[in-house]
Ligand SMILES: Cc1cc2nc3c(=O)[nH]c(=O)nc-3n(C[C@H](O)[C@H](O)[C@H](O)COP(=O)(O)O)c2cc1C
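Residue numbers (our numbering): 1 to 210.
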C-alpha cells in the first residue's frame with residue numbers, strides 16, 4: 001500500500017492518527033510525573049521522549065497543542081521540574097489509563113492506583129512502581145511554528161537505575177528492568193536484546209560484542 005501526501009490528507013482522522021503514529025517505529029513508554037505549586041500531583045503517559053545529548057544530559061519531550069487543558073504542560077511550565085518514569089510490563093494497564101482526561105483536581109496516581117514516590121527537595125513525584133526513574137529540570141521551551149506542539153527540553157538531575165540493570169560500562173539493560181516499548185498510541189511490546197555492536201569504524205567490519 002502506498003500513501004501519497006494527498007491520500008494521507010484525505011484519510012479519516014482516526015485512521016490517519018493510527019497510521020502516522022505507527023510510522024516512526026518503536027517509541028519509549030514513559031510516565032511523566034508533575035505537581036502544581038500546591039503539591040497536587042499529576043501523571044501522564046508520554047511516548048515522545050527523545051535523547052538530545054549526554055553532556056549535559058538532556059531529554060526532550062513533545063506535548064501536543066490542544067483546546068483541552070494540558071495539566072502536565074501547565075505544571076512543568078509552572079514549577080520547572082518533572083519526572084520521567086519507564087513503563088514496565090507490570091504497570092501497562094495503569095500507565096495507559098493515565099491518558100484519560102481526568103479533571104484537574106483528580107490525580108492520575110490515585111485514579112490508577114500507581115504510588116507516588118517523593119525525593120526530598122525535588123518538587124515532582126516519581127512513580128513508586130517504576131524500575132527506572134529520572135528527575136528533570138526544564139531548560140528550554142519552544143512552541144513549534146509548524147503545528148503548535150510544545151517542545152520541552154529538560155536536564156536529567158536525578159537518575160535511579162536498579163544495580164542489576166547497570167553494566168560496568170554505564171549501559172543500562174532496560175530489558176532486564178522490564179521496560180516496554182510502544183507502537184502507535186495503544187500497542188505495548190516486550191523487548192529482547194538481539195545483539196550489542198562494537199563502535200562502528202570505517203576500517204573495521206561490524207562486530208558483535210555480546
Ligand atoms: C501511548 C500514549 C502515548 C502518548 N504520548 C503523548 C505524547 O508524547 N505527548 C502528548 O502530548 N500526549 C501524549 N499522550 C496523551 C496524553 O497521555 C494525554 O493527553 C493525557 O491526558 C495528558 O494528561 P494531562 O492533561 O494530565 O497532562 C499519549 C497517550 C498515549 C495513550
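Note that CB positions come from ideal geometry on N, CA and C, so glycine has one too.
As the structure is a computational prediction, the values presented were derived from the model and not from experiment.
*Straight-line CA distance for residue 126 to residue 167?*
23 Å
*For residue 91, collect the residues of the same chain with a Cβ closer than 7 Å to its Cβ; drop the 5 residues on either side in sequence, then sort them by chain order.*
114, 129
*Taking just the CA atoms, how far does residue 5 sit from residue 69?*
31 Å
*DSSP three-state call for residue 212: helix, strand or coil?*
This structure cannot settle anything about residue 212, because the visible part of the chain is limited to 1 through 210.
*Identity of the residues DSSP links to residue 33 by a beta bridge*: 43, 83
*asked:* Distance check for residue 62 and residue 20, CA to CA, integer angstroms please.
replied: The alpha-carbon separation between residue 20 and residue 62 amounts to approximately 16 Å.
*Using a Cβ-Cβ cut-off of 6 Å (strictly less than) and excluding sequence neighbours within five positions of residue 135, which residues of its own chain qualify?*
83, 122, 157, 158
*Start and end residues, beta strand (DSSP E) containing residue 160*: 150-160
*Pick out whichever of 2, 89, 153 has its Cα sitting closest to the Cα of residue 211.*
As displayed, the chain neither begins before 1 nor continues past 210, which places residue 211 out of reach and without an answer.
*Limits of the alpha helix (DSSP H) - the one that residue 97 falls within*: 92-97
*Can you give the beta carbon distance from residue 197 to residue 181, rounded, assuming they're within the 8 Å contact cut?*
Between residue 181 and residue 197 the Cβ distance is about 19 Å, and since that is not below 8 Å, they are no contact.
*Of the residues 7, 3, 27, the one placed nearest residue 184, counting alpha carbons only*: 27
*Given residue 190, which residues of its chain have a CB within under 7 Å of its CB, disregarding the five upstream and five downstream residues?*
89, 180
*Does ligand 1 have a heavy atom nearer than 8 Å to the CB of residue 98?*
yes
*Run through DSSP, which three-state label would residue 74 get?*
helix
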